[in-house]
Amino acid sequence: MRTFFPAALLASCCARAAGSQLQVALQGLVDDLSQKYGYAMQLAWKSNSEDFAVSAGHDPVTGRAVTSEDTFAFGSGTKPYTAVLVMKLASEGLVELDKPAAQYVDGILKQMNGTSMVGLFGAKASDVTVGHLLRMQSGLADFDVPGFDDALLKKGSSAHSPMEFLHAAASQSPAFLCDPGQCTSYTSTNYVLAGFVALGAKGQSDWTALDQAQIFPQPADAKYQRCRFADQGRLNSSLSVAGAAGSFLHRTQIFSQDASILGWTCGNLVAPASSAAEFFYDFLLAKRIIPEAMVDKMKDFRPLNVGWAKGTIQYGTGLMIQQASWNASYPPELDSWGSYVGHGGDTYGFLSESGVLSQFNASFSAIANQEYSGTFVKNVMVCNMIKLAAKILLGQDVFLKCGLRPFHSTLVV
């Protein structure tokens, strides 16, 4: 098993294609990782002085080399876009964050399925506000459990309504992990409901008509034009690189299924990494997506304290503070080496991480076409990216423990 250190990796990159020193080093990183693990991947970086993307690997369907223009599925990396959409509507006076979510959602649920939030989840649902949904504080159970995920993929060629995801969440016992507002617990159920909030605020009822791209600056530049929010039709109409779901022994190719398996507003972004890096730069650094006051509100972070990732992630409004290194303290602290503000994604066949790094005043996005090595993008790609950037841009050797799992000595990638 090979070990890489920034100096050695930099030396191996010196003969590669022309580009900035950081771009050349990151191209070397993804080349080496793709050769070792066999994944296709992209990594994008944007700052005041640099704007580039690198790629490596091959599309499993065609065998062609992947480029920086190819599109991957971002999974829960969609959630910041959905949060920004609702916050944009709030800035326009169409949504109030402290109002019950049912005020915006129930009319649509009744029309689609003859039900309501209380009808689905019980009396506590009347106390769930829009803000609770966006901040992961509703207390609602998650539909994202193996039984539902596996069954959905087996029927992947069929179209699926967001109502299926809500019914799956409502079938969990208990339906609430805590009273609304009394815990911070990650659940994708919140972001399906947030999509209905956005729909209801616009007076719409057809979930396929929601314009998720309305958040992008206009006129949209070329990077935003490559973003797709895939909710119907075949995935490969927007997805250009196939993914692999399952395990090392049994894999399912993700490419020709119906796009509705992605879960609508909780996970349907399909884009190149460069588009995600552009979005986070415009959103959190340039602050030209929504008003700065709204951005600041979204950065009120609380540690997840119930359920998945308890104590290891801080959650704001559609934003996470995450840590890429195994040798860090938890919950992760902003501005510590290895930490970043953004969001991760783990969907059928793909892993993603996107966000901003305060030490560099830069945004990034990293993605790979597999989801069975669950820590690969965060703890291997992003962790080593940060080490290389610190060495090249700041002249600092930072000690981050990068790898698929904790190791006591060398950094294994």
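Counting with mature numbering (1 follows the signal peptide of the UniProt record, and there is no 0), you get residues -19 to -1, 1 to 394 for the letters of the sequence shown.
We treat Cβ as the ideally placed atom computed from N, Cα and C, and that holds for glycine.
Can you check which of these residues, E273, K291, Y172 and T298, is closest to M279 by C-alpha distance?
Taking the sequence shown and counting its residues from 1, one reaches residue 279 at position 298. Per the Cα distances, T298.
Rounded to a whole number of angstroms, what is the C-alpha to C-alpha distance between S228 and N308?
What you label residue 228 is simply residue 247 of the sequence shown in a count that begins at 1. What you label residue 308 is simply residue 327 of the sequence shown in a count that begins at 1. Each residue's CA atom was taken as its position, placing S228 and N308 some 27 Å apart.
Would you mind stating whether A122 and A150 have Cβ atoms separated by less than 9 Å?
Numbered from 1 along the sequence shown, position 141 holds the residue referred to as residue 122. Numbered from 1 along the sequence shown, position 169 holds the residue referred to as residue 150. Yes, the pair counts as a contact, with Cβ atoms nearer than the cut-off.
So, with DSSP's three-state summary, where would you put A(-5)?
Translated into the one-based positions of the sequence shown, residue -5 becomes position 15. With a pLDDT of 36 at A(-5), under the threshold of 50, the predicted position of this residue should be treated as unreliable, and no value is reported.
Alpha-carbon to alpha-carbon, G336 and F264:
As a first step, residue 264 must be located in the sequence shown, where it is residue number 283. As a first step, residue 336 must be located in the sequence shown, where it is residue number 355. Separation of F264 and G336 (C-alpha to C-alpha, rounded to the nearest whole angstrom) is 10 Å.
Within 9 Å, strictly: CB atoms of P223 and D108
Working through the sequence shown from its first residue, we reach residue 223 at position 242. Working through the sequence shown from its first residue, we reach residue 108 at position 127. The displayed chain sequence assigns Ala, not Pro, to residue 223. No. Outside cutoff.
Hey, would you say A25 sits closer than 9 Å to A254, going by beta carbons?
Sequence index remark: in the sequence shown, residue 25 carries index 44 (1-based). Sequence index remark: in the sequence shown, residue 254 carries index 273 (1-based). A contact, by the Cβ cut-off of 9 Å.
Check whether the segment 287 to 298 touches the segment 81 to 99, counting contact only when three or more Cβ pairs, one atom from each stretch, lie closer than 8 Å.
They do not touch, by the three-pair rule.
Please state if the CB of S186 and the CB of G88 are separated by a distance shorter than 9 Å.
On the sequence shown, residue 88 is found 107 positions in, with the first residue counted as 1. On the sequence shown, residue 186 is found 205 positions in, with the first residue counted as 1. Cβ atoms of G88 and S186: closer than 9 Å.
Nearest-angstrom Cα separation, counted from R207 out to N360:
Position 379 of the sequence shown holds residue 360. Position 226 of the sequence shown holds residue 207. Rounded to the nearest angstrom, the two C-alpha atoms are 27 Å apart.
Selected residue, minimal CA-CA separation from G176, among L115, I242, Q4 and N217
On the sequence shown, residue 176 is found 195 positions in, with the first residue counted as 1. Ranking the options by Cα distance to G176, first place goes to L115.
Considering D327, what are the terminal residues of the beta strand (DSSP E) in which it resides?
Within the sequence shown, the letter at position 346 stands for residue 327. According to the DSSP assignment, D327 belongs to the beta strand (DSSP E) that extends over S320 to T328.
G227 - containing beta strand (DSSP E), residue span:
Locating residue 227 in the sequence shown gives position 246, counting from the first residue. Here the beta strand (DSSP E) through G227 covers G224 to G227.
A83 versus K135, V111, Y62 and T233, residue with shortest Cα-Cα distance
Locating residue 83 in the sequence shown gives position 102, where the first residue counts as 1. The shortest C-alpha separation from A83 is found at V111.
V76 and Y62 closer than 9 Å at C-beta:
Working through the sequence shown from its first residue, we reach residue 76 at position 95. Working through the sequence shown from its first residue, we reach residue 62 at position 81. Against a cut-off of 9 Å, the Cβ pair of Y62 and V76 comes out as no contact.
So, helix, strand or coil for A140, using DSSP?
Counting from 1 along the sequence shown, the entry for residue 140 is found at position 159. In the structure shown, A140 sits in coil (DSSP, three-state: anything other than H, G, I, E or B).
Since V42 and F236 should fall inside the 8 Å C-beta cutoff, what is the C-beta to C-beta distance between them, to a whole number of angstroms?
One-based indexing of the sequence shown puts residue 42 at position 61. One-based indexing of the sequence shown puts residue 236 at position 255. At roughly 6 Å, the Cβ-Cβ gap stays under 8 Å, so V42 and F236 are in contact.
Leaving aside the five residues before and after F129 along the sequence, list all residues of the same chain whose C-beta is less than 7 Å from its C-beta, in chain order.
In the sequence shown, counting from the first residue as 1, residue 129 sits at position 148. A149, listed in sequence order.
Under the assumption that L3 contacts A370 (Cβ atoms under 8 Å), give the Cβ distance between them as a whole number of angstroms.
As a working mapping, residue 3 is identified with position 22 in the sequence shown. As a working mapping, residue 370 is identified with position 389 in the sequence shown. The pair is a contact, with the Cβ atoms about 6 Å apart (cut-off 8 Å).
Ignore the nearest five residues each way along the sequence and tell me which others in L134's own chain have a CB closer than 8 Å to its CB.
Here residue 134 refers to the residue found at position 153 of the sequence shown. For L134, where only same-chain residues beyond five positions count, the Cβ hits under 8 Å are A226, T233, Q238, I242 and Y329.
Kindly provide the ranges of any alpha helix (DSSP H) runs that are 4 or more residues long and lie completely inside the segment 73 to 140, ordered along the chain.
Here the runs fully enclosed are 83 to 94, 98 to 102, 111 to 115 and 127 to 135.
List the endpoints of the continuous alpha helix (DSSP H) containing G181.
Counting from 1 along the sequence shown, the entry for residue 181 is found at position 200. Unbroken alpha helix (DSSP H) run through G181: T170 to A182.
Return the chain-ordered list of same chain residues with a C-beta closer than 8 Å to the C-beta of G355, the five sequence neighbours on each side being excluded.
In the sequence shown, the residue the question calls residue 355 occupies position 374. Answer for G355: D327 and L332, listed in chain order.
On a Cα-Cα basis, can you pick out the residue from G162, T52, Y311 and P272 that is closest to S72?
Here residue 72 refers to the residue found at position 91 of the sequence shown. Ranking the options by Cα distance to S72, first place goes to P272.
Strand pairing of V5, partner residues [DSSP]:
Within the sequence shown, numbered from 1, the residue matching residue 5 stands at position 24. According to DSSP, V5 bridges with nothing at all.
Could you name the residues of the same chain whose beta carbon sits closer than 7 Å to that of Y262, not counting the 5 residues immediately before and after it, in chain order?
Here residue 262 is taken as the residue at index 281 of the sequence shown, counted from 1. K27 and S344, listed in sequence order.
Candidates K60, Q118, R45 and Y205: which alpha carbon is nearest G288's?
Your numbering for residue 288 matches position 307 in the sequence shown. That would be Q118, whose Cα lies nearest to the Cα of G288.
Coarse secondary structure for V35, derived from DSSP in three states
Position 54 of the sequence shown, counted from the start, is the residue given in the question as residue 35. Looking at V35 - three-state DSSP - the assignment turns out to be strand.
I'd like the list of long-range same chain contacts for W318, defined as Cβ closer than 6 Å, with 5 residues on each side in sequence excluded.
To locate residue 318, count along the sequence shown from 1; it is residue 337. Counting only Cβ-Cβ distances below 6 Å, and skipping sequence neighbours, we find V379.
Under the three-state DSSP convention, the category P284 falls into:
Within the sequence shown, numbered from 1, the residue matching residue 284 stands at position 303. Residue state, collapsed to three classes: strand.
With 16 other Cβ atoms within 10 Å as the buried cut-off, status of R209:
Walking along the sequence shown from the start, residue 209 turns up at place 228. That one is buried.
Can you give me the C-alpha to C-alpha distance between N365 and L180, rounded to a whole angstrom?
Position 384 of the sequence shown, counted from the first residue, corresponds to residue 365. Position 199 of the sequence shown, counted from the first residue, corresponds to residue 180. So the alpha carbons of these two residues sit roughly 40 Å apart.
Suppose you measure from the CA of D51 to the CA of L220; what does that come to, to the nearest Å?
Taking the sequence shown and counting its residues from 1, the one referred to as residue 51 is at position 70. Taking the sequence shown and counting its residues from 1, the one referred to as residue 220 is at position 239. Answer to the nearest angstrom: the Cα atoms are 8 Å apart.
Cβ-based neighbour list, L338, same chain, cut-off 6 Å, excluding 5 preceding and 5 following
Position 357 of the sequence shown holds residue 338. Within the same chain, L338 has close Cβ partners Y321.
Test item: CB-CB of Q213 and T189 under 9 Å:
Locating residue 213 in the sequence shown gives position 232, where the first residue counts as 1. Locating residue 189 in the sequence shown gives position 208, where the first residue counts as 1. Yes, the Cβ-Cβ distance between Q213 and T189 is below 9 Å.
For K80, tell me which candidate among Q92, L101, T59 and A106 has the shortest Cα-Cα distance.
On the sequence shown, position 99 is the one that residue 80 refers to. The shortest C-alpha separation from K80 is found at A106.
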